[in-house]
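Contents: one structure, followed by commentary.
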Amino acid sequence: MSKKTAREEAAVRVSERDRLAQLEREVIQLRKTNEVLLDRVEHRINVEGGAFAAFQAASNLEKTVADRTTELRLLNERLEHELDLRRSFETALLRAKSQAEEATASRTRFVAAASHDLRQPLNAAVLYLETIDMTRLQPTDAESLRGVELALETLNNLLGTLLDISRLDSGGLHPEPVNFRLQELFERLAVEYGSIADTTELALEVQPTSIVVHSDIMLLETVLRNLLSNAIKYTDRGRIVMGVRRRQDKASISVIDTGVGIPAEHQKKIFEEFWRAPGASSGAKGSMGLGLSIVQRICHLLGSQIEVKSTPGKGSTFSLQLPIGTGTPATMGTRNDKIIQTLGFNGCVVAVVDDNIQVLRSMVRLLQSWDCRVVAANTVEEVLTQIIDQDMTPALILADYHLGDGVKGLDAINAINTELAQPAPAIMISSDNSPGLVETLGKLGIQLLTKPVDPARLRAAMHHLLLQH
Numbered sequence: 017m018s019k020k021t022a023r024e025e026a027a028v029r030v031s032e033r034d035r036l037a038q039l040e041r042e043v044i045q046l047r048k049t050n051e052v053l054l055d056r057v058e059h060r061i062n063v064e065g066g067a068f069a070a071f072q073a074a075s076n077l078e079k080t081v082a083d084r085t086t087e088l089r090l091l092n093e094r095l096e097h098e099l100d101l102r103r104s105f106e107t108a109l110l111r112a113k114s115q116a117e118e119a120t121a122s123r124t125r126f127v128a129a130a131s132h133d134l135r136q137p138l139n140a141a142v143l144y145l146e147t148i149d150m151t152r153l154q155p156t157d158a159e160s161l162r163g164v165e166l167a168l169e170t171l172n173n174l175l176g177t178l179l180d181i182s183r184l185d186s187g188g189l190h191p192e193p194v195n196f197r198l199q200e201l202f203e204r205l206a207v208e209y210g211s212i213a214d215t216t217e218l219a220l221e222v223q224p225t226s227i228v229v230h231s232d233i234m235l236l237e238t239v240l241r242n243l244l245s246n247a248i249k250y251t252d253r254g255r256i257v258m259g260v261r262r263r264q265d266k267a268s269i270s271v272i273d274t275g276v277g278i279p280a281e282h283q284k285k286i287f288e289e290f291w292r293a294p295g296a297s298s299g300a301k302g303s304m305g306l307g308l309s310i311v312q313r314i315c316h317l318l319g320s321q322i323e324v325k326s327t328p329g330k331g332s333t334f335s336l337q338l339p340i341g342t343g344t345p346a347t348m349g350t351r352n353d354k355i356i357q358t359l360g361f362n363g364c365v366v367a368v369v370d371d372n373i374q375v376l377r378s379m380v381r382l383l384q385s386w387d388c389r390v391v392a393a394n395t396v397e398e399v400l401t402q403i404i405d406q407d408m409t410p411a412l413i414l415a416d417y418h419l420g421d422g423v424k425g426l427d428a429i430n431a432i433n434t435e436l437a438q439p440a441p442a443i444m445i446s447s448d449n450s451p452g453l454v455e456t457l458g459k460l461g462i463q464l465l466t467k468p469v470d471p472a473r474l475r476a477a478m479h480h481l482l483l484q485h
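Taking my numbering as reference, the numbering of the sequence shown is continuous, increasing by one, and the terminal residue is 485.
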């Protein structure tokens, strides 16, 4: 081999190595380029895929929002419908409540007006009966007359019960508590209900006490009257006991009877209006079943509750607790009707004003039978005219509370006393015996008597006022 050929081969080998190196470099460059291109492709794919996903997510979100909006709209419509129904129900409820309140108020006004109107002739009848001399009657006539008196008393009690219910319904009764001795109230009730018990096979026992309580006198008297009346109605024979025991700072007042008793299943029902227990005595047949309902509601007003313990065939015990009084007790006043009835009025001048002619005439006749000189009229103007024309000076004024046309008995009393050198004491006569009216008149020094007027109480009140002046 020649030197030229060797050199040529060497050159070829160098050239091949260079070419191979060049190719390797190109391959490396191509790989890098490929990687860059792949990265770009992947990036583009990722970008385009994200946009699509975002678009798809946005589409899904829009659909979800639309669905939720529809659901909310339907829910809102349903809620609006329910609110409309509720508003309609509330409006109907308020309307019904208003109608019920108006009906109650209307019933209260009606009962009060009816009680007043019915008590006018009843008052006249009681006054007329008092003018009859029982000693001059034949025994049979006297017995008939006593029956009439009893019937009138029953009617008066029924009217009083209806009026009490109407006042309780209207919220017209408000306790006015004072400290007073229970013994004074017990004695008064003992006289009244003792005479009733004497006509039957019953014995009324009132236990003496020195306890002073803090309560409303008139409301407590109403409670005890109803309990005593109820005991008499449901007891044919045996005894009735009214007493009180001290229990720490409370006075526990009880009315106990030996009557028919009350089964356990009826002991809550007896306080419902118009419910009467079976087994009542003949005296209970004319009752309306309102007495114990009134008792329960008044006890609630007094901050107490009525409790009953009863055994069928053995009797019942009704009890209530009142706070012990710690201050100076008020006096309820006492009287001796038998002594007062023997006293005359010796020509005392009495002015009477009542817009009911029947009541006015019966009152005049009664007062004249008591040796009174009477100036009577149904209007304020007329009684003033008589006083001036006849030159008479009334020592006492009797006035009905309602004189018609908005005129009150107070107007009559003030007008008469304006004409007198010295004001005369006055007695107001009314069907309304609410504590508020009693307090108002009491502050003015005017005594209140409720219709129908008990002649013995009227006579006692007249003597009391005349002795004071």
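Cβ atoms here follow ideal geometry from the backbone N, Cα and C, with glycine treated the same way.
Same chain, Cβ closer than 7 angstroms to residue i, five either side skipped, listed in chain order
i, result
"S245", "G307"
"F287", "L308, S309 and Q312"
"I314", "L235, T238 and V239"
"S297", "Note that S297 has pLDDT 49, beneath the 50 cutoff, so the model's placement of it is unreliable and no number is given."
First through last residue of the beta strand (DSSP E) which encompasses residue i
i, result
"H230", "V228 to S231"
"R152", "No beta strand (DSSP E) contains R152, which DSSP labels as neither H nor E."
"V390", "C388 to A393"
"Q312", "Looking at the DSSP string, Q312 is not in any beta strand (DSSP E); the run it does join, the alpha helix (DSSP H), is G307 to L317."
"G425", "Segment G425 to E435 is the alpha helix (DSSP H) holding G425; no beta strand (DSSP E) there."
"N195", "V194 to R197"
"S450", "Element bounds for S450: n/a, residue is neither H nor E."
"K285", "Neither: K285 is in no beta strand (DSSP E) and is coded neither H nor E."
Integer-rounded CB distance, given that residue j should sit under 8 angstroms from residue i
i, j, result
"Y209", "R381", "Going by Cβ atoms, the distance from Y209 to R381 rounds to 30 angstroms, so no, they are not a contact pair."
"P439", "L481", "Between L481 and P439 the Cβ distance is about 12 angstroms, and since that is not below 8 angstroms, they are no contact."
"D273", "T251", "5 angstroms"
"L318", "P468", "Wrong, their Cβ atoms sit about 27 angstroms apart, outside the cutoff."
"D370", "D421", "Actually they do not touch by this definition, with Cβ atoms about 14 angstroms apart."
"R475", "W386", "7 angstroms"
"L168", "I148", "Wrong, their Cβ atoms sit about 13 angstroms apart, outside the cutoff."
Continuous alpha helix (DSSP H) stretch holding residue i: start and end
i, result
"E398", "V396 to D405"
"S385", "I373 to S385"
"L189", "First-last for L189: undefined, no H or E at that position."
"A476", "P471 to Q484"
Those residues which DSSP pairs with residue i across a bridge
i, result
"Q463", "I443"
"V202", "It is Phe, not Val, that sits at residue 202 in the sequence shown. DSSP lists no partner for F202."
"M340", "Checking the sequence, you will find Ile at residue 340 rather than Met. DSSP output for I340 lists V229 as bridge partner(s)."
"R261", "S268"
"T327", "G331"
Rounded C-alpha distance that separates residue i from residue j
i, j, result
"R253", "E221", "13 angstroms"
"V204", "N433", "Note on residue identity: the sequence assigns Arg, not Val, to residue 204. Answer to the nearest angstrom: the Cα atoms are 33 angstroms apart."
"S335", "V324", "7 angstroms"
"A428", "H418", "10 angstroms"
"L77", "D83", "10 angstroms"
"L483", "L243", "36 angstroms"
"E106", "A119", "19 angstroms"
"L171", "P137", "11 angstroms"
"E51", "Q45", "10 angstroms"
"Q283", "T333", "11 angstroms"
"A219", "I248", "10 angstroms"
"R377", "L109", "51 angstroms"
"D353", "R389", "Summary for D353: the model assigns pLDDT 40, below 50, so the residue's position carries little reliability; its value from the coordinates is reported in the next sentence. Taking the straight line joining both Cα atoms gives about 22 angstroms."
"R103", "T86", "25 angstroms"
"G349", "E200", "Bear in mind that a pLDDT of 45 at G349, under 50, signals an unreliable position, so the model cannot answer this."
"D448", "V375", "16 angstroms"
"E289", "G176", "15 angstroms"
"M379", "A140", "7 angstroms"
"L39", "D55", "24 angstroms"
"A116", "E435", "48 angstroms"
"P224", "T342", "19 angstroms"
"I322", "H316", "8 angstroms"
"L457", "L465", "11 angstroms"
"T80", "E96", "24 angstroms"
"V230", "P193", "Checking the sequence, you will find His at residue 230 rather than Val. So the two alpha carbons sit approximately 6 angstroms from each other."
"G394", "N430", "Reading the sequence as shown, one finds Asn at residue 394 and not Gly. Each residue's alpha carbon lies about 16 angstroms from the other."
Cutoff 6 angstroms; reference residue i; Cβ partners in own chain excluding five residues on either side
i, result
"P279", "P328"
"R183", "L189"
"A477", "I443 and Q463"
"L460", "none"
"P345", "N195, F196, R197 and V228"
"S326", "G277, I278 and S332"
"S268", "R261, S335 and Q337"
"G275", "Y250, T251 and G331"
Beta carbon proximity, residue i to chain D, threshold 8 angstroms
i, result
"V469", "In summary, chain D is missing from the structure at hand, where a single protein chain is found."
Cut-off 8 angstroms between Cβ atoms - residues of its own chain near residue i, not counting five sequence neighbours on either side
i, result
"K266", "Q337, L338, P339 and I340"
"V391", "V365, V366, A367, V368, V399, Q402, I403, Q406, M408 and P410"
Near the ligand HEM: residue i beta-carbon under 7 angstroms from a heavy atom
i, result
"R241", "Although the ligand HEM was asked about, the structure shown includes no ligands whatsoever."
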